[in-house]
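Participant: I have a structure I would like to understand better, so I am pasting it below and will then ask my questions one at a time.
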Amino acid sequence: MPLSPAAVIAIVMKIATWNINGVKARIDNLLHWLEECQPDIACLQEIKSVDELFPRLEIEALGYHVETHGQKSFNGVALLSKKSPDEVNRRLDGDDSDEQARFIEGVFSTKKGALRVVSLYLPNGNPVDTEKYPYKLAWMERLYKWSQERLLLEEPLILAGDYNVIPQPRDAKNPESWVNDALFLPQTREAFYKLLNLGFTEAVRSVNDSDGLYSFWDYQAGAWQKDNGIRIDHLLLSPEAAELLKHAEIEKHTRGWEKPSDHVPVVITIDDEF
DNA sequence: ATGGTGGAAGATCCA
């Protein structure tokens, strides 16, 4: 007996990351994007809100569960998901004095087992001659150590977020203008590749080898109009997650919306289901 | 161009 069409439809889920640059200023865009994209899990960065003021009701009305790790004015990350996580962790080990909200991990039950998804917002690191740059490098080292431990679980793990790292010259329209920037300094890129080389797959690069892929365009100097962008928003997949990867896409069109974020969503599709 | 724009907080800091 032949398979019915329904039986051969791939069972997939979409996981997205988006630095929205202020959830309260971006709520209309966010709701519109959630309806359009229908991600199963969305990792947000720079919510710039305390947990109590996060506009959760509107998002919950679209059928999403909301977990936040916010702080006043700056930073802040969130996980939106169509099914609630079984477990949520908000601390990145290695510095008990760090009060910046840049990390949230959710553990989800899927039909294939546990799926771990992290929404991360790596420090910018500029100006590099201040304490901000050592803080960035230390944060990357903490993420490295955390990842080393998590990879021992040999489970699908996705580290999604704004890395504030331009991995290669071709990830910038004008790489020469970034040579002294914390996003592109050799030490920054080395730390990124050290993390990647633990065995992660960078989702976008693994499916698309072309130049001109960007995820951020500055508000200033007509960067968007000139397509003067950089690619700094990444999804890193453990071997067990990489095996499930079907597609990866940068949703460039959202940068052309009214009142846009300066970043756009990056979305992957994996062979899995809640 | 030594932040040119934008968000959040609150008369500045952060990116």
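Per the working numbering, residue 188 is the first one in the first sequence, and the count goes up by one each step.
Just so you know, even glycine gets a beta-carbon here, dropped at the ideal spot from N, CA and C.
Go to Y322, then tell me how far its alpha helix (DSSP H) extends in each direction, as first and last residue.
Facilitator: Position 135 of the first sequence holds residue 322. First-last of the alpha helix (DSSP H) with Y322: K319 to L338.
Participant: Assuming contact is defined by CB atoms lying nearer than 9 Å, are T255 and P452 in contact in what I supplied?
Facilitator: For this step, residue 255 is matched to residue 68 along the first sequence. For this step, residue 452 is matched to residue 265 along the first sequence. No, the pair does not count as a contact, with Cβ atoms beyond the cut-off.
Participant: For Q225, which of helix, strand or coil comes out of DSSP?
Facilitator: In the first sequence, counting from the first residue as 1, residue 225 sits at position 38. Correct three-state label for Q225: coil.
Participant: Entirely within the segment 346-390 and at least 4 residues each: give me those alpha helix (DSSP H) ranges in chain order.
Facilitator: Segments of the alpha helix (DSSP H) lying fully in the segment 346-390: 373-383.
Participant: What is the rounded straight-line gap between the Cα of L240 and the Cα of D285?
Facilitator: Position 53 of the first sequence, counting from 1, holds the residue named residue 240. Position 98 of the first sequence, counting from 1, holds the residue named residue 285. C-alpha separation (whole angstroms): 22 Å.
Participant: What would DSSP say about S306, mapped onto helix, strand or coil?
Facilitator: By 1-based counting over the first sequence, the position of residue 306 is 119. Here S306 sits in strand by DSSP.
Participant: Measure the alpha-carbon distance for I207 versus F379 and round it to whole angstroms.
Facilitator: On the first sequence, residue 207 is found 20 positions in, with the first residue counted as 1. On the first sequence, residue 379 is found 192 positions in, with the first residue counted as 1. Roughly 22 Å separates the two Cα atoms.
Participant: Does the segment 285-305 come close enough to the segment 260-272 that 3 or more CB-CB pairs lie under 8 Å?
Facilitator: Flag = yes, the segment 260-272 and the segment 285-305 touch.
Participant: Select from M200, E245 and V199 the residue whose C-alpha is nearest the C-alpha of V210.
Facilitator: As a first step, residue 210 must be located in the first sequence, where it is residue number 23. Nearest C-alpha to V210: E245.
Participant: So which of A359, G281, T297 and V304 has the shortest CA-CA distance to Q326?
Facilitator: Translated into positions along the first sequence, residue 326 becomes position 139. Note that residue 326 corresponds to Trp in the displayed sequence, not to Gln. When only C-alpha atoms are compared, the closest one is G281.
Participant: In the DSSP assignment, the beta strand (DSSP E) including L423 goes from what residue to what residue?
Facilitator: Here the question's residue 423 lines up with position 236 in the first sequence. D420 to L424 is the extent of the beta strand (DSSP E) around L423.
Participant: For the alpha helix (DSSP H) holding L244, just list the boundary residues, first then last.
Facilitator: One-based indexing of the first sequence puts residue 244 at position 57. Counting along the chain, the alpha helix (DSSP H) containing L244 begins and ends at R243 to E247.
Participant: Using the Cα positions of K439 and D405, report the straight-line distance between them to the nearest angstrom.
Facilitator: By 1-based counting over the first sequence, the position of residue 439 is 252. By 1-based counting over the first sequence, the position of residue 405 is 218. Approximately 14 Å between the Cα atoms of the pair.
Participant: Starting from the Cα of Q287, find the closest Cα among S306, G312, N313 and Q258 and give me that residue.
Facilitator: Within the first sequence, the letter at position 100 stands for residue 287. When only C-alpha atoms are compared, the closest one is Q258.
Participant: Can E430 and V199 be called in contact, C-beta distance under 9 Å?
Facilitator: What you label residue 430 is simply residue 243 of the first sequence in a count that begins at 1. What you label residue 199 is simply residue 12 of the first sequence in a count that begins at 1. No. Outside cutoff.
Participant: Can you tell me where the beta strand (DSSP E) holding K269 begins and where it ends?
Facilitator: Within the first sequence, numbered from 1, the residue matching residue 269 stands at position 82. That residue, K269, is in no beta strand (DSSP E); it is neither H nor E in DSSP.
Participant: At which residues does the beta strand (DSSP E) containing H252 begin and terminate?
Facilitator: As a first step, residue 252 must be located in the first sequence, where it is residue number 65. From DSSP, the beta strand (DSSP E) with H252 extends over H252 to H256.
Participant: Quick one: what does DSSP say I234 is sitting in, helix, strand or coil?
Facilitator: As a working mapping, residue 234 is identified with position 47 in the first sequence. Note: I234 maps to coil in three-state DSSP.
Participant: Please classify V294: does DSSP put it in a helix, a strand, or coil?
Facilitator: To locate residue 294, count along the first sequence from 1; it is residue 107. V294 falls in the strand class under three-state DSSP.
Participant: Can you check which of these residues, G416, N311, W220 and S236, is closest to S260 by C-alpha distance?
Facilitator: Walking along the first sequence from the start, residue 260 turns up at place 73. The candidate whose alpha carbon is nearest that of S260 is S236.
Participant: Is I196 helix, strand or coil when you go by DSSP?
Facilitator: Taking the first sequence and counting its residues from 1, the one referred to as residue 196 is at position 9. Residue state, collapsed to three classes: coil.
Participant: So, L309 versus I345, is the Cβ gap smaller than 9 Å?
Facilitator: Position 122 of the first sequence, counted from the start, is the residue given in the question as residue 309. Position 158 of the first sequence, counted from the start, is the residue given in the question as residue 345. No. Outside cutoff.
Participant: Here's the rule: buried if 16 or more other CB atoms are within 10 angstroms of the residue's CB, otherwise exposed. What is E427?
Facilitator: One-based indexing of the first sequence puts residue 427 at position 240. So E427 ends up on the buried side.
Participant: Below 7 Å CB to CB, which residues in the same chain sit around P242 once its five sequence neighbours on both sides are set aside?
Facilitator: If you number the first sequence from 1, residue 242 lands on position 55. The answer, listed in chain order, is V210, K211 and I214.
Participant: Under 7 Å Cβ to Cβ from R418, same chain only, skipping five residues before and after it: list those, please.
Facilitator: In the first sequence, counting from the first residue as 1, residue 418 sits at position 231. Closer than 7 Å at Cβ, skipping near neighbours: I353, D358, L400, Y401 and S402.
Participant: Given that a residue counts as buried once 16 or more other Cβ atoms are within 10 Å of its Cβ, and exposed if not, what is T317?
Facilitator: Within the first sequence, residue 317 is the residue found at index 130, counting from 1. The residue is exposed, with fewer than 16 neighbouring Cβ atoms inside 10 Å.
Participant: By Cβ distance below 6 Å, which residues in the same chain neighbour P362 in space, the five residues on each side in sequence not counted?
Facilitator: The count along the first sequence starts at 1 and reaches residue 362 at position 175. Same-chain partners within the cutoff: P356.
Participant: Here's a check: name, in chain order, each residue in its chain whose Cβ is nearer than 7 Å to the Cβ of E389, leaving out the five neighbours to either side.
Facilitator: Here the question's residue 389 lines up with position 202 in the first sequence. Excluding sequence neighbours, E389 sits near L383, H421 and L423.
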